[in-house]
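See structure below.
4 protein chains.
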Amino acid sequence: MNISLQDAKALIDAAQAAAVRIDKPITVVVVDTGGFVVATERMDGARPLQPSIATAKAYTSAVMQRPSKMLKGWAESQPGFFAQVSTMGHHPIVATEGGMTIKRNGQLLGGLGVSGGTGDEDQEICDAALHALGYESAFAEWNTIKKD
Amino acid sequence: MNISLQDAKALIDAAQAAAVRIDKPITVVVVDTGGFVVATERMDGARPLQPSIATAKAYTSAVMQRPSKMLKGWAESQPGFFAQVSTMGHHPIVATEGGMTIKRNGQLLGGLGVSGGTGDEDQEICDAALHALGYESAFAEWNTIKKD
Amino acid sequence: MNISLQDAKALIDAAQAAAVRIDKPITVVVVDTGGFVVATERMDGARPLQPSIATAKAYTSAVMQRPSKMLKGWAESQPGFFAQVSTMGHHPIVATEGGMTIKRNGQLLGGLGVSGGTGDEDQEICDAALHALGYESAFAEWNTIKKD
Amino acid sequence: MNISLQDAKALIDAAQAAAVRIDKPITVVVVDTGGFVVATERMDGARPLQPSIATAKAYTSAVMQRPSKMLKGWAESQPGFFAQVSTMGHHPIVATEGGMTIKRNGQLLGGLGVSGGTGDEDQEICDAALHALGYESAFAEWNTIKKD
Numbered sequence: 003m004n005i006s007l008q009d010a011k012a013l014i015d016a017a018q019a020a021a022v023r024i025d026k027p028i029t030v031v032v033v034d035t036g037g038f039v040v041a042t043e044r045m046d047g048a049r050p051l052q053p054s055i056a057t058a059k060a061y062t063s064a065v066m067q068r069p070s071k072m073l074k075g076w077a078e079s080q081p082g083f084f085a086q087v088s089t090m091g092h093h094p095i096v097a098t099e100g101g102m103t104i105k106r107n108g109q110l111l112g113g114l115g116v117s118g119g120t121g122d123e124d125q126e127i128c129d130a131a132l133h134a135l136g137y138e139s140a141f142a143e144w145n146t147i148k149k150d
Numbered sequence: 003m004n005i006s007l008q009d010a011k012a013l014i015d016a017a018q019a020a021a022v023r024i025d026k027p028i029t030v031v032v033v034d035t036g037g038f039v040v041a042t043e044r045m046d047g048a049r050p051l052q053p054s055i056a057t058a059k060a061y062t063s064a065v066m067q068r069p070s071k072m073l074k075g076w077a078e079s080q081p082g083f084f085a086q087v088s089t090m091g092h093h094p095i096v097a098t099e100g101g102m103t104i105k106r107n108g109q110l111l112g113g114l115g116v117s118g119g120t121g122d123e124d125q126e127i128c129d130a131a132l133h134a135l136g137y138e139s140a141f142a143e144w145n146t147i148k149k150d
Numbered sequence: 003m004n005i006s007l008q009d010a011k012a013l014i015d016a017a018q019a020a021a022v023r024i025d026k027p028i029t030v031v032v033v034d035t036g037g038f039v040v041a042t043e044r045m046d047g048a049r050p051l052q053p054s055i056a057t058a059k060a061y062t063s064a065v066m067q068r069p070s071k072m073l074k075g076w077a078e079s080q081p082g083f084f085a086q087v088s089t090m091g092h093h094p095i096v097a098t099e100g101g102m103t104i105k106r107n108g109q110l111l112g113g114l115g116v117s118g119g120t121g122d123e124d125q126e127i128c129d130a131a132l133h134a135l136g137y138e139s140a141f142a143e144w145n146t147i148k149k150d
Numbered sequence: 003m004n005i006s007l008q009d010a011k012a013l014i015d016a017a018q019a020a021a022v023r024i025d026k027p028i029t030v031v032v033v034d035t036g037g038f039v040v041a042t043e044r045m046d047g048a049r050p051l052q053p054s055i056a057t058a059k060a061y062t063s064a065v066m067q068r069p070s071k072m073l074k075g076w077a078e079s080q081p082g083f084f085a086q087v088s089t090m091g092h093h094p095i096v097a098t099e100g101g102m103t104i105k106r107n108g109q110l111l112g113g114l115g116v117s118g119g120t121g122d123e124d125q126e127i128c129d130a131a132l133h134a135l136g137y138e139s140a141f142a143e144w145n146t147i148k149k150d
């Protein structure tokens, strides 16, 4: 199950509305569960490298199946190993704010990445967009083996 | 001068309308004159690698400053040299249908790339979108030295 | 809007004049707003790798849209993430002295990079050249959303 | 012995004068005997990727110590092997028109690369510039072991 283009665009609209409130032009990227881009929008005035940065955040959150900031502990405790892992995907695996897994009713749908503000601002924009559209905000560090 | 996000989204809407007419889900990418992504949309059902393919087409058309299909003669007459040139940019330089330079009143604004149909279909979708919005459709093989 | 070759050469001349004053052979690179080289000059006696270094500084300042030294805070606060971002462009994104965004009347025109002295000397040469030709010297950490 | 910046700029001026005669904006690159850039100039209207292409031509002609077009026989007779060799340098080794070794009185001084016209035009511009400034135009396919 992957996020639809319509739902991706709704997330982008909500993120842009949050960016307008802090008066910073941002780039928002939505990827599917495999980390492939569904939609990207770079606001006027937003810097050229933002799509690459936001894609890395969205990709990380989709394929690592938890928000990119949740990787910070790993990146700090095993910097050498994490540096190697960070190049093992199709895009960089980044341990930073501004990337969120998109999930509803326990179902993974993709990843959301925001670039254009401070790390905290990028994160707040992600959170605001996901909250506005009713996606989940809590993620576990580890998956479990499903039994039923 | 670079294309605005609003104008990029209008081009994407027009391209999607053309894709609906041939009943094929596509991905459309718009880049600025430096080849940096402004907007990407992958329609539901469109395959995962389309954004990469469409980005290469849009990038090529922006930085080579002419439609990507106009490079086919070069690619055919000097295949070895063209293969080397094709890796000199930030994205692959591709000699194929489905990439158009975005230009109005002689002013370069960016590049448009479409992936999802045959080469001819991708090209027709580009042409339809640019035509619908009044962009230029004729490009010279060579730039000239401006005098005034 | 990109810097013209004539204006790029005037900047190079001004930078070389500043280099003569400190008696160090330098390399100066000017790129356009997309980060593509407009002009490079390596003075006699200047070392072979300087063009690559100066290109990275100029590229960074053009596509990050602020002087390369303004990235030092980011590079220091998030070294792992910044290392990843530093490879996302067509040339390395460097957080160091000696790279300046070229801007006049609020209009981005390109990037200037100098290599050949200490970081401070390279920066002073950039500043002297930009000042001599009336370009802007103040840059904001963040862009804002333009309204009108 | 390497070409001086002043002599490199004189070659660039001569090449640009030849480009004006055919009304095509070009990029000219001069490298030293080690293949490191001495000077690059991209004329207004010249396309963004020309500096990369012209650098490859100049680099090839400097480090292969013969005009880049003289490699065409090799590239054609051993395409697989040549493709491998072509990536063994610091820049692509290209077998095409528009790159010339810079040599005077039997002394290698560097390489000249031109991009912006057809292969033949790029070559004619190189030839015109080298001729105007009295550099050699004849090169042997093979070096010999100097005896004296």
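Chains as they are written, first to last, in this note's numbering: chain Y, 3 to 150; chain X, 3 to 150; chain G, 3 to 150; chain V, 3 to 150. Every residue, glycine too, gets a C-beta built ideally from N, C-alpha and C. Small disclaimer: the values here were computed from a predicted structure and weren't measured.
With a 10 Å radius around the Cβ and a threshold of 16 neighbouring Cβ atoms, X/H92 comes out buried. Here Y/A140 is exposed, its C-beta having fewer than 16 other C-beta atoms within 10 Å. Under the 10 Å beta carbon count, G/N4 is surrounded by 16 or more other beta carbons and is classified as buried. Contact with chain V is found for G/V40, since one of that chain's Cβ atoms lies less than 8 Å from the residue's Cβ. Neighbours of Y/P50 in chain X, taken as residues whose beta carbon is under 8 Å from its own, are D34, G36 and F38 in chain order. DSSP places Y/Q109 in the uninterrupted beta strand (DSSP E) bounded by Q109 to S117. For X/T146, the closest Cβ of chain V is nearer than 8 Å. Identification of chain Y residues near X/M45 by a Cβ-Cβ cut-off of 8 Å yields L7, ordered along the chain. Excluding its 5 nearest sequence neighbours in each direction, Y/M66 has C-beta neighbours in its own chain below 7 Å: L73 and I95, listed in chain order. Where Y/R23 is concerned, the enclosing alpha helix (DSSP H) starts and stops at L7 to I24. Annotation for X/A56: the continuous alpha helix (DSSP H) segment containing it runs Q52 to V65. Rounded to the nearest angstrom, the gap between the Cα atoms of X/L7 and G/D46 is 46 Å.
Distances from the alpha-carbon of V/G37 to those of V/G113, V/P69 and V/R68 put V/G113 closest.
Y/A48 and Y/P27 have their C-alpha atoms roughly 5 Å apart.
Burial state of G/D129 is buried, judged by a 10 Å Cβ sphere holding 16 or more other Cβ atoms. Residue-level contact check: X/P69 does not touch chain Y, since none of the beta carbons of chain Y fall below 8 Å from its beta carbon. For G/M66, the nearest CB of chain Y lies under 8 Å from its own CB, placing it at the interface with that chain.
Residue-level contact check: X/H133 does not touch chain G, since none of the beta carbons of chain G fall below 8 Å from its beta carbon. Spatial neighbours of V/Q52 in its own chain (CB-CB distance under 8 Å, excluding positions within 5 residues in sequence) are listed in chain order as I28, T29, R44, S117 and G118.
For V/A41, the uninterrupted beta strand (DSSP E) segment begins and ends at V39 to R44.
Contact between the segment 56 to 66 of chain G and the segment 101 to 113 of chain G is present: 3 or more CB-CB pairs across the two stretches fall below 8 Å. The segment 10 to 23 of chain G makes contact with the segment 131 to 146 of chain G; the number of CB pairs closer than 8 Å reaches 3 or more.
Under the 8 Å criterion on CB atoms, Y/V96 is classed as interfacial with respect to chain G. Shown here for V/K71: same chain residues with a beta carbon closer than 6 Å to its own, the five before and five after excluded, namely E99 in chain order.
With respect to the 8 Å criterion, G/I147 and Y/V22 are classified as neighbours on the basis of their beta carbons. Around the beta-carbon of G/D34, 16 or more other beta-carbon atoms lie within 10 Å, marking it buried. DSSP, reduced to helix, strand and coil, places G/M72 within a helical segment of the structure shown. Per the coordinates, the alpha-carbon of Y/V87 lies some 10 Å from the alpha-carbon of Y/Q80. Neighbours of G/M3 in chain X, taken as residues whose beta carbon is under 8 Å from its own, are M3 in chain order. For Y/K105, the closest of Y/A19, Y/A20, Y/L135 and Y/T120 by C-alpha to C-alpha distance is Y/L135. The Cβ of Y/D124 sits no closer than 8 Å to any Cβ of chain G.
Note on G/E143: under 16 other CB atoms within 10 angstroms of its CB, so exposed under the neighbour-count rule. Counting only the Cα atoms, G/M90 lies some 10 Å from Y/A58.
Per DSSP, reduced to three states, the secondary structure at X/G121 is helical. Excluding residues up to 5 positions away in sequence, nothing lies with its Cβ nearer than 7 Å to the Cβ of X/N107 in the same chain. Setting aside the 5 residues that flank it on each side, X/W76 is surrounded in the same chain by F84, each with a C-beta closer than 6 Å to its C-beta; the list follows chain order.
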